[in-house]
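Counting in the numbering used here, the sequence shown runs from 4 upward without gaps.
We put the beta carbon where it would ideally sit given N, CA and C, even for glycine.
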Amino acid sequence: MTVPEEVPSDEYLAKEALSGKDETFTELIRRHKQVVLNIIARHIRNHYELDDLCQEIFIMVYQNLRRYHCDEPFEHWVSMIAFNTCNNVFRKQRCKCTDVPPDHGPFALSDPAFEELPDDEA
């Protein structure tokens with residue numbers, strides 16, 4: 004009779020990834036990708052950005068793996084990174100929409116087309 008292998012914990016995989024074992028980080032991505040995608044889908048309007056943003060988040064996770072404390076669940080830590088990243092992207096998108104002053108947009112009142120209108124139509 005064979006004994007089933009014990010599934011390594013996320014914390015163990017994170018420690019192994021820190022020591023240079025890339026396949027362990029790949030397993031962490033596999034385990035948590037859907038959670039990250041769900042967080043992104045709730046925060047980002049443009050669903051074409053899902054995969055790119057997911058990849059960005061896991062790059063950040065990898066770059067900050069040394070900051071992960073094994074006393075908290077890995078999924079919670081990854082979720083916080085995803086949530087914060089989505090909020091930053093949302094803020095940047097919102098700023099892009101409001102950065103154009105009203106007199107400089109595509110329908111600015113100083114547009115020559117408005118100047119050509121008779122006074123009663125302006």
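Residues near residue i in its chain [Cβ-Cβ closer than 7 angstroms; skip 5 each side]
i: isoleucine 32; result: Phe61
i: glutamate 30; result: Leu16
i: glutamate 52; result: none
i: valine 92; result: Ile47, Leu56
Residue i - DSSP class collapsed to helix/strand/coil
i: cysteine 89; result: helix
i: lysine 95; result: helix
i: threonine 10; result: According to the sequence as given, residue 10 is valine; it is not threonine. The answer is coil: DSSP assigns valine 10 none of H, G, I, E or B.
i: histidine 72; result: coil
i: asparagine 67; result: coil
i: glutamate 82; result: Residue identity check: residue 82 is serine in the sequence provided, not glutamate. In the structure shown, serine 82 sits in a helix (DSSP, three-state: H, G or I).
i: alanine 125; result: With a pLDDT of 48 at alanine 125, under the threshold of 50, the modelled position of that residue is not reliable, and no figure is offered here.
i: lysine 24; result: coil
C-alpha gap between residue i and residue j, whole angstroms
i: leucine 16; j: methionine 63; result: 17 angstroms
i: leucine 3; j: glutamine 96; result: Outside the shown range of the chain, which is 4 to 125, sits residue 3, and nothing can be said about it.
i: valine 10; j: isoleucine 47; result: 33 angstroms
i: glutamate 19; j: aspartate 55; result: 26 angstroms
i: glutamate 14; j: arginine 70; result: 12 angstroms
i: proline 76; j: arginine 34; result: 13 angstroms
Alpha helix (DSSP H) segment containing residue i, residue limits
i: leucine 48; result: Just to set this straight, residue 48 is arginine in the shown sequence, not leucine. Run containing arginine 48: none; DSSP gives neither H nor E here.
Contacts around residue i, its chain only, beta-carbon distance under 8 angstroms, and the 5 residues preceding and following it disregarded
i: isoleucine 84; result: Ile60, Met63, Val64, Asn67
i: isoleucine 42; result: Ser82, Ala85, Phe86, Cys89
i: valine 38; result: Glu78, Val81, Ser82, Ala85
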